[in-house]
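*Asks:* In this text, residue positions in the sequence shown follow this note's numbering: the first is 348, and each later residue adds one. Each residue gets a CB set at the ideal place from its N, CA and C atoms; glycine is no exception.
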Amino acid sequence: MTSLIRLLQKLDYIRLVVGICILIDGYPLIFFFRDTLRFATGSTVFTALGFAGGLVLMVPFTVFRRLYRFDVIMFWTSIAFIAFSIFYMYVYPPLDKVDYTREMIYYAFIIIFLFLLINIPNDIIPVVVPVIVFFTLASNLGLVYSLVKDPSWVIGQRATIVLNDSDDGSGNPHVFARNAFMGIVACMIWLVRPQTNFLVRLLALFSGIFSVVVLVLTQTRSSVVALGLAIILFVVYNVRPTQIRTAVRGIFKPGPLIVIAIGIVGLVVFFNKYSDLYYILESYVYGFIERNLETVYGALGLTSKGADYKAVIDDSVANRTGNLNLLTNTLTSQAYMLIPGYGYKFSYIDIPMLEAFTNQGILGLILFGGVTAMSVRHSLRVMRTDPNDLNTFLAYFYVLIFVYTFTGGRPYDITFWFPLALMTRFMGVEHLFPSYLSKHPVETSYLVVKDGDS
Numbered sequence: 348m349t350s351l352i353r354l355l356q357k358l359d360y361i362r363l364v365v366g367i368c369i370l371i372d373g374y375p376l377i378f379f380f381r382d383t384l385r386f387a388t389g390s391t392v393f394t395a396l397g398f399a400g401g402l403v404l405m406v407p408f409t410v411f412r413r414l415y416r417f418d419v420i421m422f423w424t425s426i427a428f429i430a431f432s433i434f435y436m437y438v439y440p441p442l443d444k445v446d447y448t449r450e451m452i453y454y455a456f457i458i459i460f461l462f463l464l465i466n467i468p469n470d471i472i473p474v475v476v477p478v479i480v481f482f483t484l485a486s487n488l489g490l491v492y493s494l495v496k497d498p499s500w501v502i503g504q505r506a507t508i509v510l511n512d513s514d515d516g517s518g519n520p521h522v523f524a525r526n527a528f529m530g531i532v533a534c535m536i537w538l539v540r541p542q543t544n545f546l547v548r549l550l551a552l553f554s555g556i557f558s559v560v561v562l563v564l565t566q567t568r569s570s571v572v573a574l575g576l577a578i579i580l581f582v583v584y585n586v587r588p589t590q591i592r593t594a595v596r597g598i599f600k601p602g603p604l605i606v607i608a609i610g611i612v613g614l615v616v617f618f619n620k621y622s623d624l625y626y627i628l629e630s631y632v633y634g635f636i637e638r639n640l641e642t643v644y645g646a647l648g649l650t651s652k653g654a655d656y657k658a659v660i661d662d663s664v665a666n667r668t669g670n671l672n673l674l675t676n677t678l679t680s681q682a683y684m685l686i687p688g689y690g691y692k693f694s695y696i697d698i699p700m701l702e703a704f705t706n707q708g709i710l711g712l713i714l715f716g717g718v719t720a721m722s723v724r725h726s727l728r729v730m731r732t733d734p735n736d737l738n739t740f741l742a743y744f745y746v747l748i749f750v751y752t753f754t755g756g757r758p759y760d761i762t763f764w765f766p767l768a769l770m771t772r773f774m775g776v777e778h779l780f781p782s783y784l785s786k787h788p789v790e791t792s793y794l795v796v797k798d799g800d801s
């Protein structure tokens, strides 16, 4: 009976984590069911119902009866920015540019998500990484299936699901790159856990390599930069002479050697059988490098192929460059307007930190920048201490969100605020978690205090 109760409890924790995954990484699967399987092609209602389903899965049986600790300062700073944004939306909006109903639905999702997180127990920590591995793997498989079934997709295009029955291969590769990034981080955490068994390591290795391939196919600069930055941070905080010696000794044990051998043999056999796939990936890598070098050359006004050749800046970089020029002109001619800002969603700068400043002035920058700064501080500390798998995952996942803060999106997007809500709930309070949830439990010593002592 005890085993059955534990199994049911574990299944309940998995349910909660699946709900969280739908909110922070639901777009790939929603697009798959909506546009590939054609359950409701192009329907925003279907998308909203998908997120609502995630919220329903997140409702614990103890809702309203038991709340858990969170980072209070980060919580109220986040609430203040959301409230300030809603205030500006009604009091200081640009003319005829705001869909109030849609905006309020987004904010309602954020607030409900944050509230439910406060109700979710810390005991979900042991199942978080496994669920994320399977969730991201399912999303990656859905993307590959969509590409195979899409007659308009050709090798060389960015990997994405075509939306709204479009014929031009349009879609959003960033959500699939984000999913792949999450998969890479979760798989690496699962791989390095000492208690991970042989078969699970093989699954994590396969899923991690698969996620790297998907990341390459999406050709998104932000995700590649974030992955490189995450690797550097991992090396800085974890690679020490003692760790290197421990890792080397660990590699030369029978289990890891068998996993590595099977992985290498599997890759060799796979690429020998499907050699075209290897050359496709190689062409994607070289094409990605060349295109980004072109962007750098174009931004600097340089040439790379002779005096008669002019490098071209892609549309996204050109858009950000134009918006930065607009901000520069504002600073030189109407700098006083940046004190209150120009109004809610006045300008789409595609750099969230600057847009918070331009649209909502100094207070918007302080609030949004404050949440970002606290998230960075928590992440760096967790990378150093590695308290548990959930916090470690959030720390490295936030590297991607941090890069997005300066490279794409808007400060009001749910793609920012769902991860920030997770950071608010679990980061900065990991020392309060029960010792059995920590990788490094602290032994508690009890001191006998005499009467009158303090």
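Please list, in chain order, all residues of the same chain as L552 whose beta carbon is under 6 Å from its beta carbon, the five residues on each side excluded.
*Replies:* One-based indexing of the sequence shown puts residue 552 at position 205. Closer than 6 Å at Cβ, skipping near neighbours: G610.
*Asks:* Using the Cα positions of D497 and L351, report the straight-line distance between them to the nearest angstrom.
*Replies:* Within the sequence shown, residue 497 is the residue found at index 150, counting from 1. Within the sequence shown, residue 351 is the residue found at index 4, counting from 1. Taking the straight line from one Cα to the other gives about 45 Å.
*Asks:* Going by the DSSP bridge assignment, what does Q504 pair with across the sheet?
*Replies:* Position 157 of the sequence shown, counted from the start, is the residue given in the question as residue 504. Bridge partners of Q504: I502.
*Asks:* Between the region 558-569 and the region 501-509, do three or more beta carbon pairs fall short of 8 Å?
*Replies:* Judged by Cβ distances under 8 Å, the region 558-569 makes contact with the region 501-509, as three or more pairs qualify.
*Asks:* Of all the options N738, V729, L747, T771, which has the alpha carbon lying nearest to the alpha carbon of G717?
*Replies:* The sequence position of residue 717 within the sequence shown is 370, counting from 1. Closest by alpha carbon: T771.
*Asks:* How should K786 be labelled, buried or exposed, when 16 other C-beta atoms within 10 angstroms of its C-beta is the threshold for buried?
*Replies:* Position 439 of the sequence shown, counted from the start, is the residue given in the question as residue 786. K786 comes out exposed.
*Asks:* Less than 9 Å between the C-beta atoms of A533 and V571, yes or no?
*Replies:* Along the sequence shown, one-based indexing puts residue 533 at 186. Along the sequence shown, one-based indexing puts residue 571 at 224. Judged by beta-carbon spacing, V571 lies beyond the 9 Å limit of A533, meaning their Cβ atoms are not closer than that value.
*Asks:* So what does DSSP say about V491, is it helix, strand or coil?
*Replies:* Counting from one through the sequence shown, the residue named residue 491 turns up at place 144. In the structure shown, V491 sits in a helix (DSSP, three-state: H, G or I).
*Asks:* Find out if the Cβ-Cβ distance for the pair G389, L376 is shorter than 9 Å.
*Replies:* Locating residue 389 in the sequence shown gives position 42, counting from the first residue. Locating residue 376 in the sequence shown gives position 29, counting from the first residue. Cβ distance not < 9 Å, so G389 and L376 don't count as in contact.
*Asks:* Give a yes or no on contact between the region 759-768 and the region 424-432, applying the rule of three or more CB pairs nearer than 8 Å.
*Replies:* yes
*Asks:* According to the Cβ coordinates, are G400 and I426 closer than 9 Å?
*Replies:* The sequence position of residue 400 within the sequence shown is 53, counting from 1. The sequence position of residue 426 within the sequence shown is 79, counting from 1. Not a contact, by the Cβ cut-off of 9 Å.
*Asks:* Let me know if L647 comes out buried or exposed under the rule of 16 or more other beta-carbons within 10 Å of its beta-carbon.
*Replies:* Here residue 647 refers to the residue found at position 300 of the sequence shown. Unreliable placement is indicated for L647, whose pLDDT of 49 sits below 50; the coordinate value is still reported in the next sentence. So L647 ends up on the exposed side.
*Asks:* Rounded to the nearest angstrom, what separates L510 and A387 at their Cα positions?
*Replies:* On the sequence shown, position 163 is the one that residue 510 refers to. On the sequence shown, position 40 is the one that residue 387 refers to. L510 and A387: Cα-Cα distance of roughly 11 Å.
*Asks:* Classify P375 as helix, strand or coil using the three-state DSSP reduction.
*Replies:* Taking the sequence shown and counting its residues from 1, one reaches residue 375 at position 28. P375: helix per DSSP, three-state reduction.
*Asks:* For M366 versus L402, is the C-beta distance shorter than 9 Å?
*Replies:* Here residue 366 corresponds to residue number 19 of the sequence shown, with the count starting at 1. Here residue 402 corresponds to residue number 55 of the sequence shown, with the count starting at 1. Inspection of the sequence shows that residue 366 is occupied by Gly rather than by Met. Result yes, Cβ atoms of G366 and L402 sit closer than 9 Å.
*Asks:* Whole angstroms is fine: what's the gap from D470's alpha carbon to L463's?
*Replies:* Along the sequence shown, read from residue 1 onward, the residue named residue 470 stands at position 123. Along the sequence shown, read from residue 1 onward, the residue named residue 463 stands at position 116. Looking at the two C-alpha atoms, the distance is approximately 15 Å.
*Asks:* Check whether the Cβ atoms of T483 and M436 lie closer than 9 Å to each other.
*Replies:* Residue numbering aside, residue 483 sits at position 136 when the sequence shown is read from its first letter. Residue numbering aside, residue 436 sits at position 89 when the sequence shown is read from its first letter. Going by C-beta atoms, T483 is not nearer than 9 Å to M436.
*Asks:* Quick check on the burial criterion: 16 or more other C-beta atoms within 10 angstroms. Buried or exposed for F428?
*Replies:* Looking up residue 428 in the sequence shown gives position 81. Flag for F428 reads buried.
*Asks:* Given a cut-off of 9 Å on the beta-carbon distance, is the pair G688 and T705 in contact?
*Replies:* Here residue 688 refers to the residue found at position 341 of the sequence shown. Here residue 705 refers to the residue found at position 358 of the sequence shown. In this structure, T705 lies closer than 9 Å to G688 by Cβ.
*Asks:* Please go through the same chain and pick out, in chain order, the residues whose beta-carbon is closer than 6 Å to the beta-carbon of V410, but skip the five residues on each side of it.
*Replies:* Counting from 1 along the sequence shown, the entry for residue 410 is found at position 63. Correct list, in chain order: N466.
*Asks:* Count the CB pairs spanning the region 442-453 and the region 699-714 that are closer than 8 Å, and state whether there are at least three.
*Replies:* no
*Asks:* Please classify W537 as buried or exposed, where buried requires at least 16 other C-beta atoms within 10 Å of its C-beta.
*Replies:* In the sequence shown, residue 537 corresponds to position 190, counting from 1. It counts as buried.
*Asks:* Can you tell me whether DSSP reads S785 as helix, strand or coil?
*Replies:* In the sequence shown, the residue the question calls residue 785 occupies position 438. Of the three classes helix, strand and coil, the one that applies to S785 here is coil, per DSSP.
*Asks:* Out of R416, L779, F460, A455, which one is the CA nearest neighbour of A768?
*Replies:* If you number the sequence shown from 1, residue 768 lands on position 421. Cα-wise, what sits closest to A768 is F460.
*Asks:* Helix, strand or coil: which one does DSSP assign to V606?
*Replies:* For the purposes of this step, residue 606 is identified with residue 259 of the sequence shown, where counting begins at 1. DSSP places V606 in helix when its eight states are reduced to three.
*Asks:* Which of the three DSSP states is assigned to Y437 in this structure?
*Replies:* Reading the sequence shown from its first residue, position 90 is the one you call residue 437. Three-state result, Y437: helix.
*Asks:* Return the chain-ordered list of same chain residues with a C-beta closer than 8 Å to the C-beta of I361, the five sequence neighbours on each side being excluded.
*Replies:* By 1-based counting over the sequence shown, the position of residue 361 is 14. Contacts found: V474, V478.
*Asks:* Alpha carbon to alpha carbon, what distance is there between M348 and A577?
*Replies:* Here residue 577 is taken as the residue at index 230 of the sequence shown, counted from 1. Here residue 348 is taken as the residue at index 1 of the sequence shown, counted from 1. Taken atom to atom, the span from the alpha-carbon of A577 to that of M348 is near 44 Å.
*Asks:* Looking at the structure shown, is F386 part of a helix, part of a strand, or coil, going by DSSP?
*Replies:* Walking along the sequence shown from the start, residue 386 turns up at place 39. Reduced to three states, the DSSP call for F386 is coil.
*Asks:* If I measure Cβ to Cβ from V522 and keep anything under 7 Å in the same chain, skipping five residues before and after, which residues do I get?
*Replies:* Against the sequence shown, residue 522 aligns to sequence position 175. These residues qualify, in order along the chain: Y374, P375.
*Asks:* Would you grab the beta carbon distance between F740 and V559 for me? Rounded to a whole angstrom, and I think it's under 8 Å.
*Replies:* For the purposes of this step, residue 740 is taken as residue 393 along the sequence shown, with counting starting at 1. For the purposes of this step, residue 559 is taken as residue 212 along the sequence shown, with counting starting at 1. Not quite, the Cβ-Cβ distance comes to about 17 Å (not below 8 Å), so this is no contact.
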